[in-house]
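Using the working numbering, you'd call the opening residue of the sequence shown number 443 and step up by one each time.
No residue lacks a Cβ here, since even glycine has one placed at the ideal position from N, Cα and C.
Okay, so here's the structure we're looking at.
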Amino acid sequence: MKATEVRHLIGRLGEFHCALKVGGSLATRANQAGFDVVCPNGRRISVKTTAQSSGFVAISKSTESLVDDLMLIQYKNGALRTVYFGPLTAATECARTYGPTNCYELDLSRAGNLANALFDASKKVLVKMEGGFVQTATRNGEYLLLVNQTAALDLLDAEDRDGIEPVAEYSFQTLEARNEYIHSRGWPSAV
443 MKATEVRHLI
453 GRLGEFHCAL
463 KVGGSLATRA
473 NQAGFDVVCP
483 NGRRISVKTT
493 AQSSGFVAIS
503 KSTESLVDDL
513 MLIQYKNGAL
523 RTVYFGPLTA
533 ATECARTYGP
543 TNCYELDLSR
553 AGNLANALFD
563 ASKKVLVKME
573 GGFVQTATRN
583 GEYLLLVNQT
593 AALDLLDAED
603 RDGIEPVAEY
613 SFQTLEARNE
623 YIHSRGWPSA
633 V
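Pasting the structure below:
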């Protein structure tokens with residue numbers, strides 16, 4: 443059976459995925475108007491899950507005032523992948539309106555581009571050092587620490603660089619966990 447034929451199940455899996463990712467809880471009622479997950483900080487998330495590789499997801503205009511954020515998840519090859527997680531308003535600003543249903547239609551590729559743009563805008567340099575730097579960033583609800591050691595690797599011979607990534611990415615579920623790690627390394631606090 444194709445994933446696109448069991449849309450309800452795929453949708454529910456996406457809601458569970460979102461709740462686990464943000465440490466939130468599912469809405470009190472299935473098919474509750476507007477949102478599917480509530481974050482610990484009270485923000486309401488509408489979850490859209492698709493098995494499509496391209497195309498659009500519909501976002502209801504009639505319930506947009508009930509939602510703070512959107513998480514767009516793609517089910518592909520047996521795995522769930524977050525395509526976009528961020529403010530609903532940013533997503534609807536780059537969506538088109540489909541007249542007959544009066545819904546927004548968000549193109550999957552545009553959602554991915556929007557996620558990348560928000561990620562790039564979230565980067566902040568934490569520490570500069572000889573041979574690289576450390577940045578903080580957020581992407582799809584995760585708090586990241588990026589350690590760029592490209593310049594330091596250039597000092598090594600090619601055979602000594604094998605297996606060492608120029609940029610190491612560390613992912614944390616909460617801002618507190620990331621800041622605790624930063625503090626343990628003796629780096630200044632993240633902004």
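Item, Value
"Per DSSP, F498 forms a beta bridge with which residues?", "D549"
"Just reading off the alpha helix (DSSP H) that R523 is part of, what are its end residues?", "Careful: R523 lies outside any alpha helix (DSSP H), inside the beta strand (DSSP E) at 521-529."
"When DSSP builds the beta bridges, which residues end up paired with N590?", "F575, V609"
"Pick out the complete alpha helix (DSSP H) segments inside the region 445-475, 4 residues or longer, and give them in chain order.", "449-464"
"Could you name the residues of the same chain whose beta carbon sits closer than 6 Å to that of V633, not counting the 5 residues immediately before and after it, in chain order?", "Because V633 carries a pLDDT of 47, less than 50, the predicted location of this residue cannot be relied on, and no value is offered for it."
"Among G583, Q494, A493, A559, which residue has its Cα nearest to the Cα of L617?", "G583"
"E584 bridges to which residues according to DSSP?", "R581"
"Should the region 532-551 be regarded as contacting the region 495-515, the criterion being three or more beta carbon pairs within less than 8 Å?", "yes"
"Please tell me whether A610 and V589 are closer than 8 Å, where the distance is taken between their beta carbons.", "yes"
"Buried or exposed, going by whether 16 or more other CB atoms sit within 10 Å of the CB of I606?", "exposed"
"Give me whichever residues DSSP pairs with K570 in a beta bridge.", "F575"
"In the DSSP output, which residue or residues are listed as bridge partners for F614?", "Y585"
"Could you spell out where the beta strand (DSSP E) holding K518 opens and where it closes?", "511-518"
"Answer with buried or exposed for G456, where buried requires no fewer than 16 other C-beta atoms within 10 angstroms of its C-beta.", "buried"
"Go through its chain and collect everything with a Cβ distance to L522's Cβ below 6 Å, but skip five positions before and after it.", "H459, I515"
"What did DSSP end up calling T492 once you bin it into helix, strand or coil?", "strand"
"Measure the CB-CB distance between P482 and D511 and report whether it falls below 8 Å.", "no"
"Assign T539 to one of three DSSP states: helix, strand, or coil.", "strand"
"Whole angstroms are fine: how far does the CA of Y546 sit from the CA of F614?", "32 Å"
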